[in-house]
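Enquirer: Note that the sequence shown covers residues 0 to 92 in numbering that gives the first Met the number 0.
No residue lacks a Cβ here, since even glycine has one placed at the ideal position from N, Cα and C.
Please see the structure below; I have some questions.
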Amino acid sequence: MSITRKPVTRDNAAIGAFIAGAPDARAAQPAPAGDQQPARRQKVKISFDIDPDLLARVDQVAKASGVSRNAALALGASWLIDDFKGRTARRNG
Numbered sequence: 000m001s002i003t004r005k006p007v008t009r010d011n012a013a014i015g016a017f018i019a020g021a022p023d024a025r026a027a028q029p030a031p032a033g034d035q036q037p038a039r040r041q042k043v044k045i046s047f048d049i050d051p052d053l054l055a056r057v058d059q060v061a062k063a064s065g066v067s068r069n070a071a072l073a074l075g076a077s078w079l080i081d082d083f084k085g086r087t088a089r090r091n092g
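The following block contains the structure:
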């Protein structure tokens with residue numbers, strides 16, 4: 000039987016104080032009412048299948064535009080909806 004050391008007990012209060020003292024753990028100072036930016040809405044993760052050649056084209060456009068693949072797909076979806084609404088509005092008078 001081997002001799003083992005006694006496990007070190009941790010002081011949870013000291014750990015909490017250390018974490019609370021970190022610059023990124025502090026509560027943000029509320030900005031003046033006129034300077035507040037609107038809150039960003041939570042995004043939803045989705046999964047879908049896409050043709051590899053189409054994905055390569057999306058990646059090329061995203062890289063040339065300086066945006067991420069996700070941003071390019073979201074922008075494309077937005078353009079599709081705007082186009083659909085425009086066509087529907089023209090059709091319905």
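My parser needs the alpha helix (DSSP H) runs of 4 or more residues fully inside the segment 0-28; what are they?
Expert: Secondary structure within the segment 0-28: the alpha helix (DSSP H) runs of 4 or more consecutive residues, fully enclosed, are 11-19 (chain order).
Enquirer: Roughly how many angstroms lie between the CA atoms of Q41 and R9, to the nearest whole one?
Expert: 37 Å
Enquirer: Just reading off the alpha helix (DSSP H) that S46 is part of, what are its end residues?
Expert: Where S46 is concerned, there is no enclosing alpha helix (DSSP H), given that its DSSP letter is neither H nor E.
Enquirer: Decide if A38 is buried, meaning its Cβ has at least 16 other Cβ atoms within 10 Å, or exposed.
Expert: exposed
Enquirer: In the DSSP assignment, find the alpha helix (DSSP H) that holds R68 and state where it starts and stops.
Expert: From DSSP, the alpha helix (DSSP H) with R68 extends over 68-91.
Enquirer: Since V57 and L72 should fall inside the 8 Å C-beta cutoff, what is the C-beta to C-beta distance between them, to a whole number of angstroms?
Expert: Contact flag correct, Cβ pair sits at about 6 Å.
Enquirer: Closest to I49 by CA distance: which of N91, I2, R68 is it?
Expert: R68
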